[in-house]
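Protein chains in written order, with full-length UniProt numbering: chain A, 1 to 371; chain B, 1 to 371.
Number of protein chains: 2
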Amino acid sequence: MTRIDHTVHVALGERAYDILIGPTLLDDAGPILADRFPGRRYGIVTDRTVAEAQLPRLTRSLDAAGLGYDTIVLPAGESTKSYANLETVIEGLLAARLERGDLVIALGGGVIGDLAGFAAAITRRGMDFVQMPTSLLAQVDSSVGGKTGINSPHGKNLVGAFHQPKLVLADLSALDTLPKRQFAAGYAEVAKYGLIDDPDFFDWLDINLDEIFAGGPARGEAVARCCAHKARVVIEDEKENGVRALLNLGHTFGHALEKDTGYSDRLLHGEGVAIGMVLAHTFSARLGLAPGQDIGRVTSHLKRADLPTTLADIPGTLGTTDTLMTAIAQDKKVQRGALTFILTHGIGKAFIERNVDPDKVRTFLEEMRAP
Amino acid sequence: MTRIDHTVHVALGERAYDILIGPTLLDDAGPILADRFPGRRYGIVTDRTVAEAQLPRLTRSLDAAGLGYDTIVLPAGESTKSYANLETVIEGLLAARLERGDLVIALGGGVIGDLAGFAAAITRRGMDFVQMPTSLLAQVDSSVGGKTGINSPHGKNLVGAFHQPKLVLADLSALDTLPKRQFAAGYAEVAKYGLIDDPDFFDWLDINLDEIFAGGPARGEAVARCCAHKARVVIEDEKENGVRALLNLGHTFGHALEKDTGYSDRLLHGEGVAIGMVLAHTFSARLGLAPGQDIGRVTSHLKRADLPTTLADIPGTLGTTDTLMTAIAQDKKVQRGALTFILTHGIGKAFIERNVDPDKVRTFLEEMRAP
Chain A
1 MTRIDHTVHV ALGERAYDIL IGPTLLDDAG PILADRFPGR RYGIVTDRTV AEAQLPRLTR
61 SLDAAGLGYD TIVLPAGEST KSYANLETVI EGLLAARLER GDLVIALGGG VIGDLAGFAA
121 AITRRGMDFV QMPTSLLAQV DSSVGGKTGI NSPHGKNLVG AFHQPKLVLA DLSALDTLPK
181 RQFAAGYAEV AKYGLIDDPD FFDWLDINLD EIFAGGPARG EAVARCCAHK ARVVIEDEKE
241 NGVRALLNLG HTFGHALEKD TGYSDRLLHG EGVAIGMVLA HTFSARLGLA PGQDIGRVTS
301 HLKRADLPTT LADIPGTLGT TDTLMTAIAQ DKKVQRGALT FILTHGIGKA FIERNVDPDK
361 VRTFLEEMRA P
Chain B
1 MTRIDHTVHV ALGERAYDIL IGPTLLDDAG PILADRFPGR RYGIVTDRTV AEAQLPRLTR
61 SLDAAGLGYD TIVLPAGEST KSYANLETVI EGLLAARLER GDLVIALGGG VIGDLAGFAA
121 AITRRGMDFV QMPTSLLAQV DSSVGGKTGI NSPHGKNLVG AFHQPKLVLA DLSALDTLPK
181 RQFAAGYAEV AKYGLIDDPD FFDWLDINLD EIFAGGPARG EAVARCCAHK ARVVIEDEKE
241 NGVRALLNLG HTFGHALEKD TGYSDRLLHG EGVAIGMVLA HTFSARLGLA PGQDIGRVTS
301 HLKRADLPTT LADIPGTLGT TDTLMTAIAQ DKKVQRGALT FILTHGIGKA FIERNVDPDK
361 VRTFLEEMRA P
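Following this line, the structure appears as structure tokens:
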């Protein structure tokens, strides 16, 4: 009996889809897929770590349902989001003779979801795909909304497409095997939804943080509330011409720090976002836009999640302020030379500011780097 | 004074655009772009041959209009539509610091249009682009309709996206510098429109073929009529879920032959299409679907254009029938193992047949190979 705790519908017209959330969805994937997509074949894309921990659950279920599939296994890690691996996935899908009507399954975290989703978007000019996110970050953020892509030497996610999945299966038990640091990194994106425009959710997180980390019912509820939040934003602004940019709270600083640390284990994406969110709050306060006291609340909440919150928390030596500024300027969110930042008037009051003075950013960064 | 002989509007709602056809549009591109896209910068993508023949006309015009641009020059030829060159173009656009609102210009034939359009589609998750087709094939076919992509070792155009241009500038004088063989290859796609569903146009071509090759007003009219035809089809079926597949008349056989000859100078795309169209008519007649006499009319018309019409016209030795059948089966138009072909009831009466028996194709190919 398939157990589905929460269903979130992403109402995007002919691109609409469901997000199913439950504790055993990988074990139940076979009948779910057979019911929704009769007569299709599947190309599973995953990484070595997830292949070991979760792939057998999925393939047993597909086998039992009599579904045909091929599997492409990639190395784990952010550096997998490369041109070379994109080619590997596409050529693997073609070698498996998957047709336009067949489906790609992205089984893994954000890296696999972004890469496999992008490969699906451009193989045979567009194949359907299913997200099966196995990390907290992927379940609450990257598997929903259709942003897919790879990294360029010039910056993260600079190559990609908007391509919505046909279905998202978020298996909560997959999170049980996540390293604590990975779970915490994903949690930064959970807290982000509260900080953007939902102070009640942030209060709820403050109360339920321990249970979310321990794995009680609050975990599933947190995932569902994040997905519902993201779905609302994506429905309103699928291609990020406006309000969707709010989801980038903390990401402009975060991307620059990730680039500076070589997309390495020195700083996970969610860790960069955590520091970036604190910086966004602090920068907003410096500009006189936000009350200073919220910085403390944000910082202490993220610290309870064992997340880094300052530049000094990043191991090793950071590049120069010039290097960071170059990375910030290369961000996709630059328009006509002016810097766009997500700033805030306080917790739950983020807004898009399209005319940020680069000199003020530079001065602020210099100050944040000082010991 | 800008001279525009024909304007074709492609009414695709928010993706609508104009095709302008005239003798000096590359010289007039600066003011046209400045008027339609104020405040943008440009990334010109072209190949070495076109850079020599046409690029100075374009850059002089952009310079005079005070427009900023960077140029990326690639090798000429079908093998340019590769993963490696896709990466080169994307990284070039990013290195030039082109932003999401800036425009890519595809200046060249079908190869450049497909490659640059695809790069635009996936750089920063989608940049706008302008087609400036310089070959007959690109002006009447590939620059219109938004199909972009590169080739895979598994087959042509297996990697790509639907991405409509914002404008098409078809400069007729660019065709004056085309080698005769290239012009003839493009002409195969002109004749195709008549063969699909416009017998009056085919009759008109029969009368005007010499003038089209010599460069009189019939040439511009032919380009405009082809663009209008393609625009109608694309408006009706942008993503090729149905009637757009008719435009693939001759292409399933043609693609297999191109693959077999290594996408080389042994067989240009349009030459493959010419042979493919004759094969489609002959195969249809063999199946009792079409009157035999139309084969002769099609063949003699294409011969007048100096196009190859039989397998024996291809220099060198072809692969085995098995190899050709594998290439046919790998074509994007395969669905659930059945072969889809564009067949015909005669000139101007093409139709989509989704259940072609592979054994009959094999037997037919064997017969066509026999001396």
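Beta carbons are placed, not taken as given, at the ideal position from N, Cα and C, and that holds for glycine. Model, not experiment: these values are computed from the prediction.
So which residues of chain A does Val278 of chain B contact, with C-beta pairs closer than 7 Å?
-> What Val278 of chain B touches in chain A: nothing, since even the nearest Cβ is about 27 Å away.
Grab the span of the beta strand (DSSP E) containing Ile105 of chain A for me, first residue to last.
-> Annotation for Ile105 of chain A: the continuous beta strand (DSSP E) segment containing it runs Leu103 to Gly108.
Is any beta-carbon of chain B found at less than 8 Å from that of Val159 of chain A?
-> Interface residue, yes.
Assuming Val73 of chain B and Ala51 of chain B make a contact with CB atoms under 8 Å, what is their CB distance in whole Å?
-> Contact between Val73 of chain B and Ala51 of chain B holds: their C-beta atoms lie close to 5 Å from each other, under 8 Å.
In whole angstroms, what separates the C-alpha of Val159 of chain A from that of Val111 of chain A?
-> Taking the straight line from one Cα to the other gives about 13 Å.
Check Pro133 of chain A in the structure and name its three-state DSSP category.
-> DSSP places Pro133 of chain A in strand when its eight states are reduced to three.
Bridge partners - Ile21 of chain B, DSSP secondary structure assignment = Ile21 of chain B is bridged to B:His6 and B:Ala170.
Beta-ladder partner(s) of Asp353 of chain B, from DSSP = In the sequence as displayed, the identity of residue 353 of chain B is Glu instead of Asp. Paired residue(s): B:Phe341.
Residues near Ile150 of chain B in its chain [Cβ-Cβ closer than 8 Å; skip 5 each side] | Hits under 8 Å: Lys81, Ser82, Tyr83, Asn85, Leu86, Asp114, Leu115, Phe118, Asn157, Val159 and Gly160.
Thinking Phe183 of chain A and Gly194 of chain A are a contact (beta carbons under 8 Å), I'd like their distance in whole angstroms, please.
-> Between Phe183 of chain A and Gly194 of chain A the beta-carbon gap is near 17 Å, outside 8 Å, which marks them as no contact.
Contact with chain B by Arg124 of chain A, beta-carbon distance below 8 Å | Answer yes: the Cβ-Cβ gap between Arg124 of chain A and chain B drops below 8 Å somewhere.
Using a Cβ cut-off of 8 Å, pull out every chain B residue sitting near Ala154 of chain A, in sequence order please.
-> Strictly speaking, residue 154 of chain A in this sequence is His, with Ala absent from that position. Correct list: Glu91, Leu94 and Ala95.
What residues in the stretch 74-90 of chain A bring their beta carbon closer than 7 Å to a beta carbon of chain B?
-> Correct list: Tyr83, Glu87 and Ile90.
What does DSSP give as the partner residues of Thr123 of chain A in its beta bridges?
-> The partner list for Thr123 of chain A (beta bridge, DSSP) reads B:Val159.
Relative to the C-alpha of Ala370 of chain B, which residue among B:Thr340, B:Thr321 and B:Pro179 is closest?
-> Cα-wise, what sits closest to Ala370 of chain B is B:Thr321.
With a 10 Å radius around its C-beta and 16 neighbouring C-beta atoms as the bar for buried, classify residue 380 of chain A as buried or exposed.
-> Residue 380 of chain A lies beyond the stretch modelled for chain A, which goes from 1 to 371, so this question has no answer here.
Run down chain A in chain order and give the residues with a C-beta less than 9 Å from the C-beta of Phe162 of chain B.
-> Within chain A, Arg125 and Gly126 have C-beta atoms less than 9 Å from the C-beta of Phe162 of chain B, given in sequence order.
For Gly149 of chain A, return the contacting residues in chain B, with the cut-off set at a CB-CB distance below 9 Å.
-> Residues of chain B passing the Cβ test: Ile122 and Arg125.
The alpha helix (DSSP H) enclosing Gln46 of chain A, as first and last residue numbers = Reading the sequence as shown, one finds Thr at residue 46 of chain A and not Gln. Here Thr46 of chain A belongs to no alpha helix (DSSP H); instead the beta strand (DSSP E) covers Tyr42 to Asp47.
Collapsed DSSP secondary structure at Gly149 of chain B in the structure displayed = Correct three-state label for Gly149 of chain B: strand.
Beta-carbon spacing of Ala34 of chain A, Leu67 of chain A below 8 Å = It is a contact, given that the beta carbons lie within the stated cut-off.
When the Cα of Thr310 of chain A is compared with those of A:Val243, A:Ile275, A:Thr123 and A:Thr88, which residue comes out closest?
-> Taking only the C-alpha atoms, the option nearest Thr310 of chain A is A:Ile275.
From B:Phe162, B:Pro179, B:His229 and B:Val233, pick the residue whose C-alpha is nearest to that of Ala214 of chain B; which is it?
-> The shortest Cα separation from Ala214 of chain B among B:Phe162, B:Pro179, B:His229 and B:Val233 belongs to B:Pro179.
What do you reckon, are the CB atoms on residue 373 of chain A and Ile196 of chain A nearer than 8 Å?
-> This structure cannot speak to residue 373 of chain A, because chain A is shown only from 1 to 371.
Along the chain, which unbroken stretches of the alpha helix (DSSP H) at least 4 residues long are found entirely within the UniProt domain "3-dehydroquinate synthase C-terminal" (186-334) of chain A?
-> Listed in chain order, the alpha helix (DSSP H) runs fully inside the UniProt domain "3-dehydroquinate synthase C-terminal" (186-334) of chain A are 199-214, 217-236, 251-260, 269-286, 293-304 and 321-329, counting runs of at least 4 residues.
Distance, Ile314 of chain B Cα to Pro308 of chain B Cα | Cα-Cα distance, rounded: 7 Å.
Does DSSP put Asp141 of chain B in a helix, a strand or coil?
-> Helix, per DSSP.
Please report the residue range of the beta strand (DSSP E) in which residue 394 of chain B lies.
-> It is not possible to answer for residue 394 of chain B, since the shown part of chain B is limited to 1 through 371.
Delimiting residues of the alpha helix (DSSP H) encompassing Met368 of chain B = For Met368 of chain B, the enclosing alpha helix (DSSP H) covers residues Pro358 to Arg369.
Go to Asp28 of chain B, then tell me how far its alpha helix (DSSP H) extends in each direction, as first and last residue.
-> For Asp28 of chain B, there is no enclosing alpha helix (DSSP H), since its DSSP letter is neither H nor E.
Can you tell me the Cβ-Cβ gap for Val234 of chain A and Ile19 of chain A, rounded? I've got them flagged as a contact below 8 Å.
-> With 8 Å as the limit, Val234 of chain A and Ile19 of chain A do not qualify as a contact, their Cβ atoms being about 11 Å apart.
Excluding the five sequence neighbours on either side, which residues of its own chain have a C-beta within less than 6 Å of the C-beta of Gly108 of chain A, listed in chain order?
-> Residues of the same chain with a CB within less than 6 Å of the CB of Gly108 of chain A, apart from the 5 flanking positions on each side, are Thr46, Asp47, Val50 and Thr134 in chain order.
Count the other CB atoms within 10 Å of the CB of Ser264 of chain A; is the residue buried (16 or more) or exposed (fewer)?
-> Using a 10 angstroms sphere on the CB of Ser264 of chain A, the tally of other CB atoms stays under 16, which defines it as exposed.
With C-beta atoms as the reference, is Gly242 of chain B less than 8 Å away from Gly254 of chain B?
-> Gly254 of chain B is positioned such that its CB atom lies no closer than 8 Å to that of Gly242 of chain B.
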